[in-house]
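Notes to accompany the following structure.
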Amino acid sequence: MRYVTLTDVFVHPIAQKYLKRSGIAHAIATAYHAYRLALQHSVNVDLATKAALLHDIGHYEWYSNGTWDYEQYKQNDIHAIKGAERAHKLLIRLGEHPKNAKEIALAILLHTDSYLPEGEFKRKPLQAIIKLADEADEEPGGKHHYRKIDNALALKKIKQLDELVDRQLQQERLDDII
Numbered sequence: 001m002r003y004v005t006l007t008d009v010f011v012h013p014i015a016q017k018y019l020k021r022s023g024i025a026h027a028i029a030t031a032y033h034a035y036r037l038a039l040q041h042s043v044n045v046d047l048a049t050k051a052a053l054l055h056d057i058g059h060y061e062w063y064s065n066g067t068w069d070y071e072q073y074k075q076n077d078i079h080a081i082k083g084a085e086r087a088h089k090l091l092i093r094l095g096e097h098p099k100n101a102k103e104i105a106l107a108i109l110l111h112t113d114s115y116l117p118e119g120e121f122k123r124k125p126l127q128a129i130i131k132l133a134d135e136a137d138e139e140p141g142g143k144h145h146y147r148k149i150d151n152a153l154a155l156k157k158i159k160q161l162d163e164l165v166d167r168q169l170q171q172e173r174l175d176d177i178i
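Heads up, the sequence shown is in UniProt numbering, so the first residue is 1 and it goes up one at a time.
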């Protein structure tokens with residue numbers, strides 16, 4: 001059962017504020033990558049697409065002398081920590097099941113190694129998928145955050161992804177019955 005849809009999340013003013021800051025086109029592309037990866041790895045597509053859509057909502061804009069400073073961002077950013085908190089709060093506010101909200105927030109928290117200590121870190125499948133989905137859409141120098149998408153097209157793509165998620169969840173329920 002889905003408590004909150006991607007559309008519910010996407011149209012919320014708080015999500016819009018932070019998605020615009022981190023790049024709506026990137027967020028949507030990452031959500032589609034997460035859907036595909038979740039299918040391949042038998043991970044819940046609802047949780048994966050929500051986590052991927054919200055994975056960068058903790059971004060802070062790092063500027064030096066009026067221009068984006070990618071090096072300063074790479075050295076100092078902790079966007080995954082702030083993003084996990086924002087996503088959790090938003091999802092709870094929208095009516096997401098608390099357990100789901102926590103799993104999504106943890107996947108956001110662990111989608112990047114940029115602030116983690118050196119060494120290998122073992123992620124759960126949902127967490128690994130969000131990391132892989134984000135990496136699938138990356139461009140050098142953080143340019144993926146600056147791709148543009150028309151608002152109407154963005155909403156259309158979110159609704160289409162909602163339909164894919166709904167169909168997949170219905171199919172899984174049917175498979176459980178049969």
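Just so you know, even glycine gets a beta-carbon here, dropped at the ideal spot from N, CA and C.
Keep in mind the model is a prediction, meaning the values are calculated, not measured.
Discussion item. Applying the 10 Å Cβ sphere with the 16-neighbour rule, what's the burial state of ASN151?
Written reply: Exposed, because fewer than 16 other Cβ atoms sit within 10 Å of the Cβ of ASN151.
Worksheet entry | Supposed contact pair LEU19 and ASN100 - C-beta distance, whole angstroms, cut 8 angstroms | Contact between ASN100 and LEU19 is absent: CB atoms are separated by about 19 angstroms, not below the 8 angstroms threshold.
Discussion item. Please report the straight-line C-alpha distance between LEU174 and ARG36, rounded to a whole angstrom.
Written reply: Cα-Cα distance, rounded: 20 angstroms.
Discussion item. Between which two residues does the alpha helix (DSSP H) holding LEU161 run?
Written reply: Counting along the chain, LEU161 sits inside the alpha helix (DSSP H) bounded by residues 151–177.
Worksheet item: Unbroken alpha helix (DSSP H) runs of length 4 or more, entirely within the UniProt domain "HD" (23–139): which are they?
Response: Within the UniProt domain "HD" (23–139), the complete alpha helix (DSSP H) runs of at least 4 residues are 24–40, 45–54, 70–76, 79–94, 98–109, 125–136.
Fill in: Pick from ILE14, HIS12, HIS55 that is closest to ILE28, judged by C-alpha positions
Selected option, being the one with the closest Cα: HIS55.
Worksheet entry | Proximity winner among ASP77, GLN72, ALA15, relative to ALA51 (alpha-carbon distances) | ALA51 has its Cα closest to that of ALA15, out of ASP77, GLN72, ALA15.
Fill in: Contact under 7 angstroms by Cβ, residue 192 with VAL165
The requested residue 192 does not occur in the structure, where the chain is confined to residues 1 to 178.
Fill in: Contact under 7 angstroms by Cβ, ILE129 with ALA34
Going by beta carbons, ILE129 and ALA34 fall inside the 7 angstroms limit.
Worksheet entry | Other residues of its chain near LEU155: CB distance less than 8 angstroms, five sequence neighbours each side excluded | Excluding positions up to five away in sequence, the list reads THR7, PHE10, VAL11.
Practice prompt. If I'm right that ILE108 touches GLY141 with Cβ under 8 angstroms, what's the distance once you round it to whole angstroms?
Written response: Incorrect: roughly 22 angstroms between the Cβ atoms, too far for contact.
Worksheet item: For LEU155, is the beta carbon positioned less than 6 angstroms from some heavy atom of the ligand PLP?
Response: In terms of ligand content, the structure shown is empty, and the ligand PLP therefore cannot be addressed.
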